[in-house]
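Residue numbers (my numbering): 54 to 365.
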Ligand SMILES: [Fe+2]
Ligand SMILES: [Fe+2]
C-alpha cells in the first residue's frame, strides 16, 4: 500500500476512536510525538520520586512513613509502565536514560523545586498529584493503545496520592497555629509551580493542535489549568488556607475562577535547567544509574550463562 493510502486508513481509525497498536502503521511524526511525550512523562515519574524520598526517613509517624514509601514506590512503577509503553514504539530504554542524563530530554518542571518542610508532602500530594490527575485522566482515552492502558492504572494510584496529600494538609490545618502556618507556607510555594505543570498557554504551545488532531490530547493546556483551579480553590477554602493570588476571583458570567498571570519567565527558566534543584535531580539520577551498573552486568552475565546452558 502506498503511504497516502496508509495515512488515510490511519486517520480514519483516529476519527473513529479505534486504538493504534504497536504493529499498526503510523506516521513518523505521530511516532516521534508519542516517544517525546511518553518518555518525558516516564522521566517525570522517576525524577518525581526524589523530592518526596527526601522525607521518608523524617515522616512524623509510622503511618505517614508507610504511606510515603508506598507513594514513592508507585511513582517508580509509573515510570516503568511508561518506559515499557515507549519501547513499543521502537526506542531503546538505555537511549531514553542517556537523553535524561545529558539534559536533552525534559521532565516536569515541578520536580526542580525543593521540599523544605513536612507540609510539602501534603502540598505535593494535594496539588502536584492533583494536577497530574487532571492531565492524565483524559490520557486514558489517548489514541495509542499501550499509553492509554498504562494510564488507567497510573490514574488509580494518583488519586490515592492526591487523597493522602490532602489528608496531611487537613491534619496540619486542624493542628496548632504553627502547623497551620506550615501548611499555608507550603501552599504559597507550590501553588504557582503547580499551575505551570499544565505547560505553556495555548497560544505558545507548539504541539497542542496536532496532538488534539491525533487524539493524543483531549483538552488544551489552558482548559486543563482552568479545571484544576476550579476544583482546587474550594478545597483550599475547606482547609481554611489562602491561595496566594490576589487576582483570584469567581467569575459568575464564565462560571469559572479568574486567576492571575503565571510568571512565564520563571517557568522557562526552570524548564531550561536553571531551577533551584535541576542539577541535584540529574546528579541523583546519574548516580543511581552508575551505582546500578553492577546489577545490569550481573543480570546480563546470568542471562548469557543460562542461554549457553540451554544451547549445550
Ligand atoms: Fe505518578
Ligand atoms: Fe503520584
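Heads up, the beta-carbon is just placed ideally off N, CA and C, and yes, glycines get one too. Since this is a predicted model, take the numbers as computed values, not measurements.
To which residues of the same chain is residue 94 closer than 8 angstroms at the C-beta, ignoring the five residues directly before and after it? Apart from the 5 residues on each side of it in sequence, residue 94 sits with its Cβ closer than 8 angstroms to the Cβ of 135 in its chain, given in chain order.
Using C-beta distances below 7 angstroms, list every residue in its chain close to residue 96, excluding the 5 sequence neighbours before and after it, in chain order. Here the set comprises 153, 158, 160.
Cβ distance (whole Å) where residue 186 is taken to contact residue 208 below 8 angstroms: Approximately 6 angstroms separates the beta-carbon atoms of residue 186 and residue 208; this is inside 8 angstroms, confirming the contact.
Where does residue 304 fall in DSSP's three states? In this structure, residue 304 counts as strand in the three-state DSSP scheme.
Would the C-beta of residue 105 count as close to ligand 3, meaning under 7 angstroms from any of its heavy atoms? Because ligand 3 does not appear in the structure shown, any question about it cannot be addressed here, the ligands present being ligand 1 and ligand 2.
Taking contact to mean at least 3 C-beta pairs separated by less than 8 angstroms, is the stretch 286-301 in contact with the stretch 252-272? Judged by Cβ distances under 8 angstroms, the stretch 286-301 makes no contact with the stretch 252-272, as fewer than three pairs qualify.
Distance between residue 197 and residue 203 (C-alpha atoms, nearest Å): Cα to Cα, the separation comes out at about 10 angstroms.
With a threshold of 16 other CB atoms inside 10 Å of the CB of residue 115, please say whether the residue is buried or exposed. Residue 115 counts as exposed, since fewer than 16 other beta carbons sit within 10 angstroms of its beta carbon.
Hey, residue 182 and residue 214 are a contact pair by Cβ (cut 8 angstroms); roughly how many whole angstroms apart? At roughly 4 angstroms, the Cβ-Cβ gap stays under 8 angstroms, so residue 182 and residue 214 are in contact.
I need the DSSP call for residue 315, collapsed to helix, strand or coil. When DSSP states are grouped into helix, strand and coil, residue 315 belongs to the coil group.
Taking the alpha helix (DSSP H) that residue 246 falls in, what are its first and last residues? Unbroken alpha helix (DSSP H) run through residue 246: 230-249.
Exposed or buried, what is residue 317 when buried is set at 16 or more other beta-carbons lying within 10 Å of its beta-carbon? Per the 10 Å Cβ criterion, exposed.
Consider the C-beta atom of residue 77 and the heavy atoms of ligand 2; say whether any pair is separated by less than 7 angstroms. Not one heavy atom of ligand 2 is found less than 7 angstroms from the C-beta of residue 77.
Check whether the Cβ of residue 190 sits closer than 7 angstroms to any heavy atom of ligand 1, and report yes or no. Answer for residue 190: no, Cβ out of range of ligand 1.
Using C-beta distances below 6 angstroms, list every residue in its chain close to residue 85, excluding the 5 sequence neighbours before and after it, in chain order. Nothing listed; no residue qualifies.
Between residue 276 and residue 251, what straight-line distance do the alpha-carbon atoms span, to the nearest angstrom? Residue 276 and residue 251: Cα-Cα distance of roughly 9 angstroms.
Between residue 154 and ligand 2, is there a pair consisting of the residue's CB and a ligand heavy atom that are separated by less than 7 angstroms? Answer for residue 154: no, Cβ out of range of ligand 2.
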